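S.K.: Start counting the sequence shown at 88; every next residue gets the next number (the numbering used here).
So that we are looking at the same thing, I have put the structure below in structure tokens.
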Amino acid sequence: KKSIKFDLKFRIQASIISIVFISLLMVAIATVWYNVKEYKEKHQNDLNEKMISIAGEIDIRLEDADKMSSELVNQLNREASRLSNVFRTDINIYNTDGRLIASSRPEIFDRGLISEAMNSKAFYEIFKNYQINYSQPEKIGKMSYLSAYRPVINNSGDYLGVINLPYFISQDRYSQELSTIIVAFINLYVLLLLVSIIVAVFISSQITKPLVLIQENLRKMELGKRNEPIYYEKNDEIGSLVKEYNKKVDELAVSAELLARSERESAWREMAKQIAHEIKNPLTPMKLNIQHLQRTKGKGKEYDEYIEKVTSTLIEQIENLSNIATEFSNFAKIPVARTQVFKLADQIQKVIDLFDNYQVDIDFYVNGLEYLEVNVDREQFSRAMINLMKNAIQSIPPEKAGSVVIILDRHEHKAVISIADNGEGIAEELRDRLFRPSFTTKSSGMGLGLAIVKSMVENFKGRVWFETKTGEGSVFYIEIPIWEN
88 KKSIKFDLKF RIQASIISIV FISLLMVAIA TVWYNVKEYK EKHQNDLNEK
138 MISIAGEIDI RLEDADKMSS ELVNQLNREA SRLSNVFRTD INIYNTDGRL
188 IASSRPEIFD RGLISEAMNS KAFYEIFKNY QINYSQPEKI GKMSYLSAYR
238 PVINNSGDYL GVINLPYFIS QDRYSQELST IIVAFINLYV LLLLVSIIVA
288 VFISSQITKP LVLIQENLRK MELGKRNEPI YYEKNDEIGS LVKEYNKKVD
338 ELAVSAELLA RSERESAWRE MAKQIAHEIK NPLTPMKLNI QHLQRTKGKG
388 KEYDEYIEKV TSTLIEQIEN LSNIATEFSN FAKIPVARTQ VFKLADQIQK
438 VIDLFDNYQV DIDFYVNGLE YLEVNVDREQ FSRAMINLMK NAIQSIPPEK
488 AGSVVIILDR HEHKAVISIA DNGEGIAEEL RDRLFRPSFT TKSSGMGLGL
538 AIVKSMVENF KGRVWFETKT GEGSVFYIEI PIWEN
């Protein structure tokens, strides 16, 4: 499963835009709610004002009345029609039993669109809870309207009836006003959202710019090379981070210099120690032979014979010293590779032929790869093979019948040569140091051979490794690219 990763810049942008979006959404909801509330309150106030005016006119007609007579009812019907035209609203008048007695639009009741009985809830609020002004929403079919009620009271305080004003709000006008508000707000909303996106992108870029710079410098940072400091002028949290980075860059440069110096000194000390040890080995028998030669001076034939013996020993030890110097020289500077294309099996066979005089059985398996070619330095390849062959032979104890098996194989675009012996193997604690200079499993020599082999094979863009079992033997592998023309 692939997970989507959001970087810091995206999170900053998303945070700013989300805050602005939520804020604008809350403002939009509050604005719409407020305008709806204001619109309803406005019409409620209009209805209340009309009720006060109409009730005042009717109260004058009924203030001295004791009860609703038929003549008074006719008078109320005429008054309702007149006031309806003046105030442009329907007027209904109910008696104390909640029955309709007068209306500015009696045809509505005659057709049965509205019941002649007063709304039960309104009746309860007026006559039971003694509400002076009461309004509630009511319906005719699916049409909603606001209905106001007010009792008619004479001078004696008796209830003569109830005035009802049904107030029909124009739905088209209401929708138009609400749409105007919403459209205006959406335009402003989109504009502010676009501005917030631009601001978010700018702010996030300014915040993350030095962080990206730090990231790039950290990516380029290398031990032992000059690492450039970051220049940041602002004295903020990122500035503190940059200062710490620059401080660590300076500390790293000092530490790298100290480490390099320490490694150089350690390498020189180790090399000097190794050179001293290896030079001492041939010098000791040389010194002993010369001292013995001094003691046998003047003893005639015996002296001459010993001179011959000492001379031979000195020449051998001097040759050892020369070999030591040559080995150090070879390790210090491996010649530049002169690549050429050649058949790998033929060259391996030539190396094997050099060991014909050794008391070891050497078997070579080509596996049908007689024509497999490589493009490397032929001389360096031969040196690497000779070194590994010598190591294999010298790791076999004298009392054991020696056997070396060489196998040529192919893994995709790589040729793999394995050199297996039946020697003593390599001890566990020595395996990590096998390719280091001065390490050897032999009784003599500098121990630079495997280090040279590794360096040469890596020059071929190949690799060398080994497998070993203590007491059973070792297998060394060389892997190099195949020449494919």
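Even glycine gets a Cβ: it sits at the ideal position worked out from N, Cα and C.
Just so it is clear, the structure is predicted and the values come from calculations on it, not from any experiment.
Where residue 571 and residue 460 are concerned, what is the direct C-alpha to C-alpha distance, given to the nearest angstrom?
M.R.: Residue mapping note: residue 571 aligns to position 484 of the sequence shown, counting from 1. Residue mapping note: residue 460 aligns to position 373 of the sequence shown, counting from 1. Looking at the two C-alpha atoms, the distance is approximately 8 Å.
S.K.: Going by beta carbon distance, what residues of the same chain come within less than 8 Å of residue 479, once the five residues before and after it are set aside?
M.R.: Here the question's residue 479 lines up with position 392 in the sequence shown. Counting only Cβ-Cβ distances below 8 Å, and skipping sequence neighbours, we find 491, 506, 507, 508, 510, 561 and 563.
S.K.: Confirm, please, whether the CB-CB distance from residue 117 to residue 247 is below 8 Å.
M.R.: Taking the first residue of the sequence shown as 1, we reach residue 247 at position 160. Taking the first residue of the sequence shown as 1, we reach residue 117 at position 30. Contact flag unset, no.
S.K.: In the DSSP assignment, what are the bridge partners of residue 238?
M.R.: For the purposes of this step, residue 238 is taken as the residue at position 151 of the sequence shown. For residue 238, which the question treats as bridged, DSSP gives the partners 249.
S.K.: Is the number of C-beta pairs between the segment 157-172 and the segment 268-277 that are closer than 8 Å three or more?
M.R.: Touching, no.
S.K.: Would you call the segment 453-473 in contact with the segment 426-433, where contact means no fewer than 3 C-beta pairs closer than 8 Å?
M.R.: Yes, since at least three Cβ pairs between the segment 453-473 and the segment 426-433 fall closer than 8 Å, the two stretches touch.
S.K.: Is residue 487 buried or exposed, if buried means 16 or more other CB atoms sit within 10 Å of its CB?
M.R.: Stepping through the sequence shown from its first residue, residue 487 is reached at position 400. Exposed.
S.K.: Whole angstroms is fine: what's the gap from residue 528's alpha carbon to residue 482's?
M.R.: Here residue 528 refers to the residue found at position 441 when the sequence shown is read from its first residue. Here residue 482 refers to the residue found at position 395 when the sequence shown is read from its first residue. Below a pLDDT of 50, predicted positions are generally treated as unreliable, and residue 528, at 44, falls in that range; no measurement from the model is reported.
S.K.: Express the C-alpha separation of residue 382 and residue 517 in angstroms, rounding to a whole number.
M.R.: For this step, residue 517 is matched to residue 430 along the sequence shown. For this step, residue 382 is matched to residue 295 along the sequence shown. Going by the C-alpha atoms only, they are around 44 Å apart.
S.K.: Consult DSSP for residue 557 and reduce its assignment to one of helix, strand or coil.
M.R.: Numbered from 1 along the sequence shown, position 470 holds the residue referred to as residue 557. In the structure shown, residue 557 sits in coil (DSSP, three-state: anything other than H, G, I, E or B).
S.K.: List the residues that DSSP assigns as beta-bridge partners of residue 498.
M.R.: Walking along the sequence shown from the start, residue 498 turns up at place 411. DSSP, once it has assigned bridges, lists 501 as partnering residue 498.
S.K.: Taking the straight line between their C-alpha atoms, what separation do you get for residue 346 and residue 338?
M.R.: Working through the sequence shown from its first residue, we reach residue 346 at position 259. Working through the sequence shown from its first residue, we reach residue 338 at position 251. Computed Cα separation, rounded: 12 Å.
S.K.: For the alpha helix (DSSP H) that residue 477 lies in, which residues bound it at each end?
M.R.: Residue mapping note: residue 477 aligns to position 390 of the sequence shown, counting from 1. Taken as a continuous stretch (DSSP letters only), the alpha helix (DSSP H) holding residue 477 covers 465-481.
S.K.: If we ignore side chains and look at the alpha-carbon of each, how far apart do residue 567 and residue 549 end up?
M.R.: Reading the sequence shown from its first residue, position 480 is the one you call residue 567. Reading the sequence shown from its first residue, position 462 is the one you call residue 549. Using only the alpha carbons, I get a separation of about 4 Å.
S.K.: Does the Cβ-Cβ distance between residue 573 and residue 451 come in under 8 Å?
M.R.: Residue 573 falls outside the range modelled here, since the chain spans only 88 to 572, and no answer is possible.
S.K.: Between 319, 176, 512 and 472, which has its C-alpha nearest residue 541's C-alpha?
M.R.: As a working mapping, residue 541 is identified with position 454 in the sequence shown. Minimum Cα distance to residue 541 is reached at 472.
S.K.: Can you give me the Cβ contacts of residue 489 inside the same chain, cut-off strictly under 6 Å, excluding the 5 residues immediately before and after it?
M.R.: As a first step, residue 489 must be located in the sequence shown, where it is residue number 402. So the list reads 447 and 483, once near-sequence residues are dropped.
S.K.: Which same chain residues end up closer than 8 Å to residue 276 when comparing Cβ atoms and leaving out the 5 residues on each side of it in sequence?
M.R.: Here residue 276 refers to the residue found at position 189 of the sequence shown. Taken in chain order, the residues that qualify are 111 and 115.
S.K.: Is the Cβ-Cβ distance between residue 182 and residue 190 less than 8 Å?
M.R.: For this step, residue 182 is matched to residue 95 along the sequence shown. For this step, residue 190 is matched to residue 103 along the sequence shown. Contact: no.
S.K.: List the endpoints of the continuous beta strand (DSSP E) containing residue 94.
M.R.: Walking along the sequence shown from the start, residue 94 turns up at place 7. Residue 94 -> no beta strand (DSSP E), and no H or E assigned at all.
S.K.: In angstroms, rounded to a whole number, what distance separates the CA positions of residue 526 and residue 95?
M.R.: The sequence position of residue 526 within the sequence shown is 439, counting from 1. The sequence position of residue 95 within the sequence shown is 8, counting from 1. Reliability fails at residue 526, whose pLDDT of 43 lies under 50, so the model's placement of it is uncertain and the value that follows must be treated cautiously. Going by the C-alpha atoms only, they are around 51 Å apart.
S.K.: For residue 88, count the other beta carbons within 10 Å of its own beta carbon; 16 or more makes it buried, fewer makes it exposed. Which is it?
M.R.: Reading the sequence shown from its first residue, position 1 is the one you call residue 88. Confidence is the limiting factor: at residue 88 the pLDDT is only 43, short of 50, which leaves the residue's position unreliable and the question unanswerable from this model.
S.K.: In angstroms with no decimal places, state the Cα-to-Cα distance between residue 334 and residue 303.
M.R.: Here the question's residue 334 lines up with position 247 in the sequence shown. Here the question's residue 303 lines up with position 216 in the sequence shown. Each residue's Cα considered, the two are about 17 Å apart.
S.K.: Can you check whether the CB of residue 314 is closer than 8 Å to the CB of residue 336?
M.R.: Counted from its first residue, the sequence shown places residue 336 at position 249. Counted from its first residue, the sequence shown places residue 314 at position 227. In contact: residue 336 and residue 314 (Cβ atoms closer than 8 Å).
S.K.: Which of helix, strand or coil does DSSP assign to residue 552?
M.R.: In the sequence shown, the residue the question calls residue 552 occupies position 465. Note: residue 552 maps to strand in three-state DSSP.
S.K.: In the DSSP assignment, the alpha helix (DSSP H) including residue 440 goes from what residue to what residue?
M.R.: Counting from 1 along the sequence shown, the entry for residue 440 is found at position 353. Looking at the DSSP string, the run of the alpha helix (DSSP H) that includes residue 440 is 431-440.
S.K.: When DSSP labels each residue in this structure, what does residue 269 get in the three-state scheme?
M.R.: Along the sequence shown, read from residue 1 onward, the residue named residue 269 stands at position 182. Correct three-state label for residue 269: helix.
S.K.: If you follow the alpha helix (DSSP H) that residue 211 is in, where does it begin and where does it stop?
M.R.: One-based indexing of the sequence shown puts residue 211 at position 124. 207-214 is the span of the alpha helix (DSSP H), which, as asked, contains residue 211.
S.K.: Please report the straight-line C-alpha distance between residue 203 and residue 243, rounded to a whole angstrom.
M.R.: As a working note, residue 203 is residue 116 in the sequence shown. As a working note, residue 243 is residue 156 in the sequence shown. Residue 203 and residue 243: Cα-Cα distance of roughly 28 Å.
S.K.: Could you please give the first and the last residue of the uninterrupted beta strand (DSSP E) stretch that includes residue 226?
M.R.: One-based indexing of the sequence shown puts residue 226 at position 139. Residue 226 -> beta strand (DSSP E) spans 221-227.
S.K.: Helix, strand or coil for residue 276? Go by DSSP, reduced to three states.
M.R.: For this step, residue 276 is matched to residue 189 along the sequence shown. Residue state, collapsed to three classes: helix.
S.K.: Return the Cβ separation of residue 220 and residue 237 in integer angstroms, given the expectation that the two are a contact with Cβ distance under 8 Å.
M.R.: As a first step, residue 220 must be located in the sequence shown, where it is residue number 133. As a first step, residue 237 must be located in the sequence shown, where it is residue number 150. About 6 Å; that satisfies the 8 Å criterion.
S.K.: Between which two residues does the alpha helix (DSSP H) containing residue 47 stretch?
M.R.: Only positions 88 to 572 of the chain appear in the structure, and residue 47 is not among them; the question remains open.
S.K.: I need the DSSP call for residue 519, collapsed to helix, strand or coil.
M.R.: Within the sequence shown, residue 519 is the residue found at index 432, counting from 1. Residue 519 falls in the helix class under three-state DSSP.
S.K.: Measuring straight from C-alpha to C-alpha, what distance separates residue 503 and residue 557?
M.R.: Against the sequence shown, residue 503 aligns to sequence position 416. Against the sequence shown, residue 557 aligns to sequence position 470. Near 24 Å, if we compare the C-alpha coordinates of residue 557 and residue 503.
S.K.: Kindly indicate which residue of 148, 232 and 147 has the alpha-carbon position closest to the one of residue 657.
M.R.: The structure shown does not extend to residue 657, since the chain is modelled only from 88 to 572, so the question has no answer here.
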